[in-house]
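Trainee:
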Amino acid sequence: MGKSFDIGLERLTGAGVPGIGVTQDGGVPIAKNALGEKPPPQDASTAGSTFYLETFGCQMNDHDSEKVAGVLVARGYRQVDEPEAAKVILYNTCSIREKAAQKVFSRLGELRPADELHRKSFNTEDAEEERRVHGGSLPGNHPSLRKIVNAGGGKIIGVLGCVAQQEGEEIFERAPWVSLVCGSASYRKLPQLIVELEAGNRRVTGLDTDTDETFETEITRRDNPWRAYLTIIEGCDKACSYCVVPFTRGPERSRASASILEEVRQLAEAGYSEVQLLGQTVNSYADPTPISKGRNMRFSELLAAVAEVRGIRRVRFTTSHPRDFGKDIVEAIETHPTICDHVHLPVQSGSTAVLRAMARTYTREEYLEKIALMKAARRPISITTDMIVGFPGETEKDFEETLSLLDEVQYDSVFAFKYSPRPNTPSLKMADAIPEEEKGRRLAILMDRQREIQRVRNEKLVGETFEVLVDGKSRRENQWSGHTSSNRVVNFTSPEQELLGDYVQVKVSSAMPNSLVGEMVGRT
Ligand code: SAM
Ligand code: SF4
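Sequential numbering of the sequence shown, starting at 941, is according to the working numbering.
1) Around the ligand SAH, what residues have a beta-carbon under 6 Å from a heavy atom of it, in chain order?
2) With DSSP run on the structure shown, which of helix, strand or coil describes L1030?
3) Please state the DSSP three-state secondary structure of N1001.
4) Starting from the Cα of F996, find the closest Cα among A1025, R1015, R1037 and A1014 and give me that residue.
5) Could you give the first and the last residue of the continuous beta strand (DSSP E) run that contains Y1443?
6) Note the first and the last residue of the continuous alpha helix (DSSP H) segment covering F1045.
7) Mind checking whether the beta-carbon of F1357 lies closer than 7 Å to any heavy atom of the ligand SAM?
8) Hey, could you find the ends of the beta strand (DSSP E) K1358 is sitting in?
9) What span of residues does the alpha helix (DSSP H) with M1460 cover, start to end?
10) Tell me, to the nearest whole angstrom, how far the beta carbon of E1436 is from that of K1447; I am working on the premise that it is less than 8 Å.
11) Shortest alpha-carbon distance to L1102 belongs to which of C1180, R1128, I1173 and C998?
12) Please classify P1186 as buried or exposed, where buried requires at least 16 other C-beta atoms within 10 Å of its C-beta.
13) The alpha helix (DSSP H) that contains F1265, what's its start and end?
14) If you follow the beta strand (DSSP E) that V1429 is part of, which residue opens it and which one closes it?
15) Relative to the alpha-carbon of L1368, which residue among G1330, D1177, T1221 and A1168 has its alpha-carbon at the smallest distance?
16) Exposed or buried, which one is V1165 when buried takes at least 16 other CB atoms within 10 Å?
17) Let me check understanding here. Comparing Cα to Cα, which of V1135, S1426 and E1336 lies closest to I1273?
18) Can you tell me which of Q1390, G1211 and E1192 puts its alpha carbon nearest to the alpha carbon of V1222?
19) Using a Cβ-Cβ cut-off of 6 Å (strictly less than) and excluding sequence neighbours within five positions of G1219, which residues of its own chain qualify?
20) So S1322 is in the beta strand (DSSP E); what residue range does that whole segment cover?
21) Return the Cβ separation of L1295 and K1267 in integer angstroms, given the expectation that the two are a contact with Cβ distance under 8 Å.
22) For P1332, tell me which candidate among Y1182, A1356, E1377 and D1372 has the shortest Cα-Cα distance.
23) Helix or strand or just coil, what does DSSP make of V1249?
24) I'd like to check one pair, S1199 with R1253: are the Cβ atoms closer than 8 Å?
25) Please state the DSSP three-state secondary structure of A1168.
26) Can G1108 and T1149 be called in contact, C-beta distance under 8 Å?
27) Please name the residue in Y1031, G1016, S1240 and R1015 whose C-alpha comes closest to that of E1022.
28) Using DSSP's beta-bridge definition, name the partner residues of K1413.
29) Is L1010 helix, strand or coil when you go by DSSP?
30) Quick check on N1398: buried or exposed, where buried means 16 or more other Cβ atoms within 10 Å of its Cβ?
31) When DSSP builds the beta bridges, which residues end up paired with Q1216?
32) Do A1245 and L1308 have their beta-carbon atoms positioned less than 8 Å apart in this structure?
33) Per DSSP, Y992 forms a beta bridge with which residues?
34) With a cut-off of 8 Å on the beta carbons, I'd call T1325 and P1286 a contact; round off their distance for me.
35) Hey, quick one: how far does the alpha helix (DSSP H) through C1102 stretch, first residue to last?
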């Protein structure tokens, strides 16, 4: 369940970015101190300590992990590629759908110390739980046991992020070998929590959500050498009836515009040419500090100001909420060529009745008005979305309306998910749950319909030339890949020896539903 349908434009993520290698001693090199700041002096007690950090979920989690890594590196820790080699093992988790949350407990199962395993294998209740988490295998024969790390060897095992916030201290019950549980709203406390563990505390938690702090750190270890992520707003106040984010990430808190702009300037000086502004509802940004007497920057003004920073060639932003999406954002895109021509505007459903049950705060017609603003723009804007199928009470007619919305909007990419009931959410108690099999059927139909739309849309681009930021090199000679401003993946040929990080012109020769193929015809 929770299968995502990710075709066409890939979600921006720092994972798997070329250019990040492994040093000879097994540590992952620090790409750059983006702010050009000197790292604080290393703490003698942690010098030589190692950490392993695995991230699940969205770009916000990827970026939070960059900050967590930055904080630990600044304290003298070195990042390693395998949990077995680490003193501190951290999982930055996602609980948006049940499957994502289960994956974390499955990972934690791999770290179970041998004595725990022996005890648990005789306990029927635990064996039952194990079967649920690992999908049928009993503790004694689960393949993950081959990878067991002896957590007793002085290791610190921590769960960060949304599962931490959602499950809280229950995690200690389910996995007693975990000693640190910290939600994303409390990351500023992480160094202190680790100090407490190093000082001998057995278990520590950071689970407050009633903070108005954002997670700004002195040092962020950025995984992508060309694109820098910046969280401009944390948390969410929207309360969609199916969503755990308001519980796991706390209320909305925006970062001061002056601080954002200063960081963007420093990033540009450090060589980053693309910045991506992040937030669960990025366009709900509300500058907490006045820029002039009684006036605070709106999101569209912030976008424009970021776009004007010297050295910045591309500005992206995600995710926008339809309610707060207005003409001013489209005008900012029209006026500033550096703002990418791509808007991710999740709709969730094409049926007003379902949107109402989801508490999305807009109707199908109101959503389509926002789409019309983009379609009327002076330059083409690529539009992508998220959709949920099988929400409780979704009738066949509601689902047909979602399909007809695909035809009407002509998205360039859709991330579609089967509805997943989540703890604490109002939709958990709603009647008329849709059977899993039916959700799967609807998802497959939606995917087929959208794939065909993308095939036709991409075919129309054959013969056109696009600017591409090169971010990948294939093992095959002369083969490169990159992204257009509209965030399309382009695979292309060029005899050049070094192109990574460059902006080049690529003429499209053929198209697939998920990507374009072409040939480099020049530089920009
Ligand atoms: N804030 C964004 C918005 O309002 O659209 C979305 C952020 S959420 C992390 C990403 C996507 O996960 C959502 O757009 C939605 O499609 C999906 N999602 C959230 N909760 C879900 C659930 N309970 N079941 C299935 N999909 C879900
Ligand atoms: Fe979740 Fe809705 Fe907030 Fe998006 S706007 S994070 S879907 S509650």
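Positions of the beta carbon are idealized from the N, C-alpha and C atoms, including for glycine.
For clarity, every value in this text was computed on a predicted model and none was experimentally measured.
Mentor: Concretely, from the data shown:
1) Ligands present in the displayed structure are limited to the ligand SAM and the ligand SF4, and the ligand SAH is not among them.
2) Reading the sequence shown from its first residue, position 90 is the one you call residue 1030. Residue state, collapsed to three classes: strand.
3) Taking the sequence shown and counting its residues from 1, the one referred to as residue 1001 is at position 61. Three-state DSSP puts N1001 in a helix.
4) As a first step, residue 996 must be located in the sequence shown, where it is residue number 56. Nearest C-alpha to F996: R1037.
5) In the sequence shown, counting from the first residue as 1, residue 1443 sits at position 503. Y1443 to A1451 is the extent of the beta strand (DSSP E) around Y1443.
6) Translated into positions along the sequence shown, residue 1045 becomes position 105. Where F1045 is concerned, the enclosing alpha helix (DSSP H) stretches over E1038 to E1050.
7) The residue given as residue 1357 occupies position 417 in the sequence shown. For F1357, the shortest C-beta to heavy atom distance toward the ligand SAM is below 7 Å.
8) As a working note, residue 1358 is residue 418 in the sequence shown. Per DSSP, K1358 belongs to the beta strand (DSSP E) from S1353 to K1358.
9) Position 520 of the sequence shown, counted from the start, is the residue given in the question as residue 1460. Note, M1460: premise wrong, no alpha helix (DSSP H); beta strand (DSSP E) at L1456 to R1463.
10) Position 496 of the sequence shown, counting from 1, holds the residue named residue 1436. Position 507 of the sequence shown, counting from 1, holds the residue named residue 1447. Their Cβ separation, rounded to whole angstroms, is 15 Å, which puts E1436 and K1447 out of contact at 8 Å.
11) Against the sequence shown, residue 1102 aligns to sequence position 162. Per the sequence shown, the amino acid found at residue 1102 is Cys instead of Leu. Taking C1102 as reference, the option from C1180, R1128, I1173 and C998 with the minimal CA-CA separation is C998.
12) Within the sequence shown, residue 1186 is the residue found at index 246, counting from 1. Classification of P1186: buried, given that the 10 Å Cβ count is 16 or more.
13) Counting from one through the sequence shown, the residue named residue 1265 turns up at place 325. Neither: F1265 is in no alpha helix (DSSP H) and is coded neither H nor E.
14) To locate residue 1429, count along the sequence shown from 1; it is residue 489. Here the beta strand (DSSP E) through V1429 covers V1429 to T1433.
15) Translated into the one-based positions of the sequence shown, residue 1368 becomes position 428. Checking every option, the nearest Cα to that of L1368 belongs to G1330.
16) As a position in the sequence shown, residue 1165 is number 225, starting the count at 1. With the sequence shown as reference, residue 1165 is identified as Pro, and Val is not the correct amino acid for it. In this structure P1165 is buried. Its beta-carbon is surrounded by 16 or more other beta-carbon atoms within 10 angstroms.
17) Here the question's residue 1273 lines up with position 333 in the sequence shown. Residue nearest to I1273 within the set V1135, S1426 and E1336 is S1426 (criterion: CA-CA distance).
18) As a first step, residue 1222 is located in the sequence shown; it is residue number 282 there, counting from the start. If we check each option's Cα against that of V1222, E1192 comes out closest.
19) The count along the sequence shown starts at 1 and reaches residue 1219 at position 279. Excluding sequence neighbours, G1219 sits near I1172 and I1173.
20) Residue numbering aside, residue 1322 sits at position 382 when the sequence shown is read from its first letter. Its beta strand (DSSP E) spans residues S1322 to V1329.
21) Residue numbering aside, residue 1295 sits at position 355 when the sequence shown is read from its first letter. Residue numbering aside, residue 1267 sits at position 327 when the sequence shown is read from its first letter. L1295 to K1267, Cβ: 22 Å. No contact.
22) Walking along the sequence shown from the start, residue 1332 turns up at place 392. Nearest in C-alpha terms to P1332, of all of Y1182, A1356, E1377 and D1372, is D1372.
23) Sequence index remark: in the sequence shown, residue 1249 carries index 309 (1-based). DSSP places V1249 in the coil class of the three-state scheme, outside both helix and strand.
24) Here residue 1253 refers to the residue found at position 313 of the sequence shown. Here residue 1199 refers to the residue found at position 259 of the sequence shown. Between R1253 and S1199, the C-beta spacing is not below 8 Å.
25) For the purposes of this step, residue 1168 is taken as residue 228 along the sequence shown, with counting starting at 1. Looking at A1168 - three-state DSSP - the assignment turns out to be strand.
26) As a first step, residue 1108 must be located in the sequence shown, where it is residue number 168. As a first step, residue 1149 must be located in the sequence shown, where it is residue number 209. With respect to the 8 Å criterion, G1108 and T1149 are not classified as neighbours on the basis of their beta carbons.
27) Sequence index remark: in the sequence shown, residue 1022 carries index 82 (1-based). Nearest C-alpha to E1022: Y1031.
28) Your numbering for residue 1413 matches position 473 in the sequence shown. Per DSSP, W1420.
29) Within the sequence shown, numbered from 1, the residue matching residue 1010 stands at position 70. Correcting the residue identity first, residue 1010 is Gly in this sequence and not Leu. Judged by DSSP in its simplified three-state form, G1010 adopts helix.
30) Here the question's residue 1398 lines up with position 458 in the sequence shown. For N1398, the number of other beta carbons within 10 angstroms of its own is at least 16, and it is reported as buried.
31) To locate residue 1216, count along the sequence shown from 1; it is residue 276. In the DSSP output, where bridge partners are listed per residue, Q1216 has Y1169 and R1256.
32) Taking the first residue of the sequence shown as position 1, residue 1308 is located at position 368. Taking the first residue of the sequence shown as position 1, residue 1245 is located at position 305. Cβ atoms of L1308 and A1245: not closer than 8 Å.
33) Within the sequence shown, residue 992 is the residue found at index 52, counting from 1. I1029, per the DSSP bridge assignment.
34) Position 385 of the sequence shown, counted from the start, is the residue given in the question as residue 1325. Position 346 of the sequence shown, counted from the start, is the residue given in the question as residue 1286. Indeed, because the Cβ distance is near 5 Å, the residues count as touching under 8 Å.
35) The residue you call residue 1102 lines up with position 162 of the sequence shown. C1102 to E1107 is the span of the alpha helix (DSSP H), which, as asked, contains C1102.
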